[in-house]
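Have a look at the structure below before the remarks.
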Amino acid sequence: MNILEWAFGKRMTPAERLRKNQRLLDKAIREIDQQKVKLERQEKQLIGQIKQSAQKGQMGAAKIQAKDLVRTRRYIEKFYGLKSNLQKISLRLQTHRTNEQMMQAMKGATMALGSMNRTMNLPALQRIAMEFERENDIMEQRQEMMDDAIDDAMDVGVEEEGDEVVEQVLEEIGVDLNQSLGETPTGLQSDKVPEHRVAQAIGGPSGGGDSADDDLQARLDSLRK
Numbered sequence: 017m018n019i020l021e022w023a024f025g026k027r028m029t030p031a032e033r034l035r036k037n038q039r040l041l042d043k044a045i046r047e048i049d050q051q052k053v054k055l056e057r058q059e060k061q062l063i064g065q066i067k068q069s070a071q072k073g074q075m076g077a078a079k080i081q082a083k084d085l086v087r088t089r090r091y092i093e094k095f096y097g098l099k100s101n102l103q104k105i106s107l108r109l110q111t112h113r114t115n116e117q118m119m120q121a122m123k124g125a126t127m128a129l130g131s132m133n134r135t136m137n138l139p140a141l142q143r144i145a146m147e148f149e150r151e152n153d154i155m156e157q158r159q160e161m162m163d164d165a166i167d168d169a170m171d172v173g174v175e176e177e178g179d180e181v182v183e184q185v186l187e188e189i190g191v192d193l194n195q196s197l198g199e200t201p202t203g204l205q206s207d208k209v210p211e212h213r214v215a216q217a218i219g220g221p222s223g224g225g226d227s228a229d230d231d232l233q234a235r236l237d238s239l240r241k
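If you want my numbering, it's the 1-based position in the sequence shown plus 16.
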């Protein structure tokens with residue numbers, strides 16, 4: 017506890033301490049960078065002065081300036097080392113601060129999960145799931161009933177259209193259905209056709225023989241199926 021904390025009775029939290037130390041480190045790094053820039057500028061000036069002294073033949077002055085250049089470069093190296101150490105400390109503080117934030121977030125999440133678990137009513141949840149399953153079954157049954165009703169409505173007139181198609185096909189192949197099956201009107205409603213009844217082409221029987229009659233009878237049987 018520092019003097020201000022002791023005088024005013026205010027204690028800083030760990031997070032506040034981390035932020036304060038982080039700001040101090042950032043300030044120190046900026047100051048080191050400023051001093052390093054000044055020394056690098058001074059280094060360039062000394063190099064120029066050494067060249068001028070050597071060109072004028074002032075070797076004594078050149079040696080003194082060379083010593084200043086060596087000391088300047090050593091200070092620059094020291095500032096690089098100081099900056100590196102401060103950056104290491106800053107990274108450690110940042111890592112610690114991140115861990116602290118993560119811990120606080122996990123603490124809050126744990127409390128929220130605990131609160132949700134305490135307020136969750138498992139029997140009510142199971143009851144809701146059962147009701148949902150029951151209502152879903154009812155909906156599926158009603159959907160099946162609607163589909164069946166639609167299919168039945170769409171099938172109206174299909175039988176009549178099928179008969180028209182059969183008659184049209186028979187006309188295309190040149191068969192008079194009424195003439196060939198006139199004596200047996202129930203033959204169109206039965207799958208069995210009397211063996212002694214043979215459909216005849218329009219214009220009377222032809223001389224094609226039994227094979228032609230059998231072929232025509234097979235076509236009629238396939239159209240009625």
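Beta carbons: idealized from backbone N, C-alpha and C, even for Gly.
Bear in mind that the values here come from a model prediction, so they are computed numbers and not experimental data.
Going straight from the alpha carbon of residue 232 to that of residue 164, what length do you get?
38 Å
Proximity of residue 105 and residue 52 at Cβ, strictly below 9 Å
no
Residue 29 classed as buried or exposed, judged by whether at least 16 other C-beta atoms fall within 10 angstroms
exposed
Tell me which same chain residues have a C-beta within less than 8 Å of the C-beta of residue 59, skipping the five on either side of it?
85, 88, 89, 92
For residue 155, name the three-state secondary structure that DSSP assigns.
helix
Sorted by chain position, which residues of the same chain lie with C-beta nearer than 8 Å to residue 41's C-beta, five sequence neighbours on each side aside?
102, 105, 106, 109
Among the residues of its own chain, which have a CB less than 7 Å from the CB of residue 125, if the five just before and after it don't count?
none
How should residue 31 be labelled, buried or exposed, when 16 other C-beta atoms within 10 angstroms of its C-beta is the threshold for buried?
exposed
When the distance is taken between beta carbons, is residue 62 closer than 9 Å to residue 95?
no
Quick one: what does DSSP say residue 28 is sitting in, helix, strand or coil?
coil
Contacting residues, own chain, Cβ-Cβ under 8 Å from residue 38 (five flanking each side not counted):
106, 109, 110, 113
Let's see if you can read the secondary structure: which residues bound the alpha helix (DSSP H) around residue 120?
75-135
Residue 66 burial status per 10 Å Cβ neighbour count (16 or more: buried):
buried
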